[in-house]
């Protein structure tokens, strides 16, 4: 399990509140907010502002909300992603060693 039970419960509660507050096309609103956060994160990291890490955490919450919006289990999605990243990065590392 990638997320604790408590974290998953908090995410679901946040998602329910977000769905209520951002009625209409919720996924579209979440994607818009994610884009805004990326711009802000880039700006804050360029300034070496430590608040960039908090904004990055906010982006992670938005990403988990997008997963929940699709009625998917974030742990299952993360496990698939971890496997994909490990496989791809291992292959890239092998290619670098050969060069």
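In this note's numbering, the protein residues as written are -15 to 83. All C-beta atoms in this analysis are idealised placements derived from N, C-alpha and C, irrespective of residue type, glycine included.
| CB contact below 8 Å: residue -1 versus chain C | No chain C appears in the structure shown, which is made up of a single protein chain.
| query | For residue 38, is the classification buried or exposed, using 16 other Cβ atoms within 10 angstroms of its Cβ as the cut-off for buried? | reply | Counted from its first residue, the chain shown places residue 38 at position 54. That one is exposed.
| field | Same chain only: Cβ atoms within 8 Å of residue 22, ignoring 5 sequence neighbours per side | value | Stepping through the chain shown from its first residue, residue 22 is reached at position 38. Within the same chain, Cβ atoms closer than 8 Å to the Cβ of residue 22 are found at 43, the five residues on either side in sequence being excluded.
| Do residue 46 and residue 28 have their CB atoms nearer than 8 Å? | As a first step, residue 46 must be located in the chain shown, where it is residue number 62. As a first step, residue 28 must be located in the chain shown, where it is residue number 44. No. Outside cutoff.
| Using the C-alpha atoms, what's the distance from residue 71 back to residue 60? | Here residue 60 is taken as the residue at index 76 of the chain shown, counted from 1. Here residue 71 is taken as the residue at index 87 of the chain shown, counted from 1. When rounded, the distance between both Cα atoms is 17 Å.
| Taking Cβ to Cβ, would you say residue 40 is nearer than 8 Å to residue 25? | Position 56 of the chain shown, counting from 1, holds the residue named residue 40. Position 41 of the chain shown, counting from 1, holds the residue named residue 25. Taking 8 Å as the Cβ cut-off, residue 40 and residue 25 qualify as a contacting pair.
| query | Quick one: what does DSSP say residue 44 is sitting in, helix, strand or coil? | reply | By one-based count along the chain shown, residue 44 stands at place 60. Note: residue 44 maps to helix in three-state DSSP.
| query | Is it the case that the Cβ atoms of residue 52 and residue 10 are separated by a distance below 8 Å? | reply | In the chain shown, the residue the question calls residue 52 occupies position 68. In the chain shown, the residue the question calls residue 10 occupies position 26. It is not a contact, given that the beta carbons lie outside the stated cut-off.
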